[in-house]
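Residue numbers for the sequence shown follow the working numbering, so the first one is 1243 and each next one is one higher.
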Amino acid sequence: MPAKTLALVHTSATLVPVFQQLCAEYLPGVQTFNIVDDSLVRTINREGSLTPAVARRVVGYVNSAEAGGADYVLVTCSSIGAAVEQAAGLAGVPVLRVDQPMADEAVRTGRRIGVIATLPTTLGPTADLVQRRAALAGREIELTSVLCEGAFEALMSGDGAKHDAIVAAALKELVTKVDVVVLAQASMARVVDALDAADRIVPILASPGIAIKQLATELL
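Pasting the structure below:
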């Protein structure tokens, strides 16, 4: 059987090596290629929401991925999740938004779910996704959304330490109130790795690894 091909659509070049490593580990033999456009998230942040123009571009990238020979498309940004679902309805190959497997796992894990983000434009779509996946599964949940004010700005200005400190403080407080925590942005996972075990008293879920493991069940 010929090797399957997975296309990854990113809104940040920093995610390419993260997913390359995961694909090498969990998807041996699957060929991959990347499409990156970091202007998408900048536009969303400037406009304050996912605009129809950005949604059309996301659909275009998914179409390009399919035209490029992809058997499956993974879109690795939560902020454009709604557009990914639109694109999936129009594509001739399966399309996955990176945070859907994570949302499903959160719904299976506990009733009180915390969602944490550094951008309101990511927090909203991720919280909405968790609510919808819970409804689909017939589960009653209690959702707590936390925005880490100032963390994203710190990261953009080159102060990674300040970003990590703000996120860590918010996480330490959130884990005491919920059964499971969902990271709305993959970039926050490094903060979790640096937390003491005492501050990781509930599962803290990051989307990249969970999504790639899900793909392994479908592509291998």
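Every residue gets a Cβ at the ideal spot worked out from N, C-alpha and C, and that includes glycine. Values in this document were obtained by computation on a predicted structure and should not be read as measured data.
Asked: Closer than 8 Å to chain D by CB, T1360; Found: The chain labelled as chain D is not found in the depicted structure, where only one protein chain is given.
Asked: Rounded C-alpha distance that separates I1454 from L1269; Found: 8 Å
Asked: Proximal residues to D1341 (C-beta, below 7 Å), its chain only, five neighbours per side dropped; Found: S1320, G1323, T1368, L1371, S1449
Asked: Identity of the residue in A1309, V1304, G1331 nearest T1318 by Cα; Found: V1304
Asked: Nearest neighbour of T1253, chosen from P1445, L1437, R1339, G1334 [CA to CA]; Found: R1339
Asked: Backbone secondary structure at G1334 - three-state DSSP; Found: coil
Asked: Of the listed residues P1244, E1267, L1365, Q1263, nearest to G1311 (C-alpha basis); Found: P1244
Asked: Terminal residues of the alpha helix (DSSP H) in which A1403 lies; Found: 1402-1416
Asked: Rounded C-alpha distance that separates T1459 from L1248; Found: 13 Å
Asked: D1421 versus E1308 - alpha carbon distance; Found: 38 Å
Asked: Residue(s) in a DSSP beta bridge with T1247; Found: Q1273
Asked: S1532 - DSSP class collapsed to helix/strand/coil; Found: Because the chain here runs from 1243 to 1462, residue 1532 falls outside it and cannot be looked at.
Asked: Nearest residue (CA-CA) to S1429, options A1393, T1351, E1415; Found: A1393
Asked: Alpha carbon of V1300 to alpha carbon of D1280, nearest angstrom; Found: 12 Å
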